[in-house]
Amino acid sequence: MTSTTTRRGPYAKTAQKKAAVAEAALAVVLESGHRALTTAAVAAQAKMSERTMLYHFPTRDHLLVAALERSDELVERLPVDRETLLEEGLFAIPRVTLGGIGGRTAVMELYNALRVESDNAGHPAHDYFRRHYTRTLETFRQLVVEQQESGGAHPDLDPDRVARQLHGVWSGLQSLYAVDPSFDILADLDDAFRRLTGQRELRARTVLGELAGRL
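Letter 121 of the sequence shown, counting from 1, is numbered 122 in this note's numbering, and no numbers are missing.
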């Protein structure tokens, strides 16, 4: 029992230190933007020596990826009204994720910057984006299927194809918003999601059917 506890101790402390650094890196990004992030600034925010921090995150790029991963964790923990999610499903995701944009603009800029760098297989962001794409596409696919089963999406659509299209639209609009935040990104995402899932067509058919029934 003692040996097991002893073995777990260092691992637990390492995980705590990594979590503290990731939290600190995200705090710096939210406060000053990713361009202002330095190893010294993150170490100071995390209240640990720069040497200790660099043992766990050897470069500035590793810290930027850690900040993005921490942001993802926080988004996944956002409180969501269950009734809204059950009713809207896929269409509630943009509002839940980006609602009250605020500091999300800084995260969007970080995401866009690292996405470009991730094309390099040796960059720390490469593995992050591979995992991110896989997870996001699967989430979208499942939500499209749920919408099809509930009548909220066209039944003839290929869920995998729609998932890729949804992800592409989301990424593209995020890139545009980072350059020009003058448009309503939530409204654009909602409109695109409903078009790509065929919801507008289904609603039009319903209306036409109701009108025909009255004739």
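Glycine included, each C-beta is placed from N, C-alpha and C at the ideal position.
Exposure label - residue i; buried when at least 16 CB within 10 Å
i    : result
Q17  : exposed
V117 : exposed
S183 : exposed
G152 : exposed
L75  : exposed
P156 : exposed
Y56  : exposed
V1   : The shown model of the chain, from 2 to 216, leaves out residue 1, and the question about it has no answer.
R71  : buried
R142 : buried
A23  : buried
A13  : exposed
V180 : exposed
Delimiting residues of the alpha helix (DSSP H) encompassing residue i
i    : result
P125 : 125-151
D161 : 160-180
M49  : Taken as a continuous stretch (DSSP letters only), M49 belongs to no alpha helix (DSSP H), as it is neither H nor E.
A37  : That residue, A37, is in no alpha helix (DSSP H); it is neither H nor E in DSSP.
N113 : 105-118
F194 : 186-197
S72  : 61-77
Pairwise C-alpha distance: residue j and residue i
i    : j    : result
G169 : A44  : 35 Å
R136 : Y112 : 16 Å
L138 : S50  : 39 Å
A25  : E77  : 19 Å
A42  : F58  : 14 Å
Y178 : T140 : 23 Å
L197 : T15  : 44 Å
H35  : T106 : 11 Å
Q200 : S119 : 34 Å
P160 : R52  : 47 Å
L27  : L158 : 38 Å
W171 : R132 : 17 Å
A21  : T39  : 16 Å
D128 : L115 : 11 Å
L31  : H63  : 17 Å
Distance between beta carbons of residue j and residue i, contact taken as under 8 Å
i    : j    : result
M109 : Q166 : That pair is no contact at about 20 Å.
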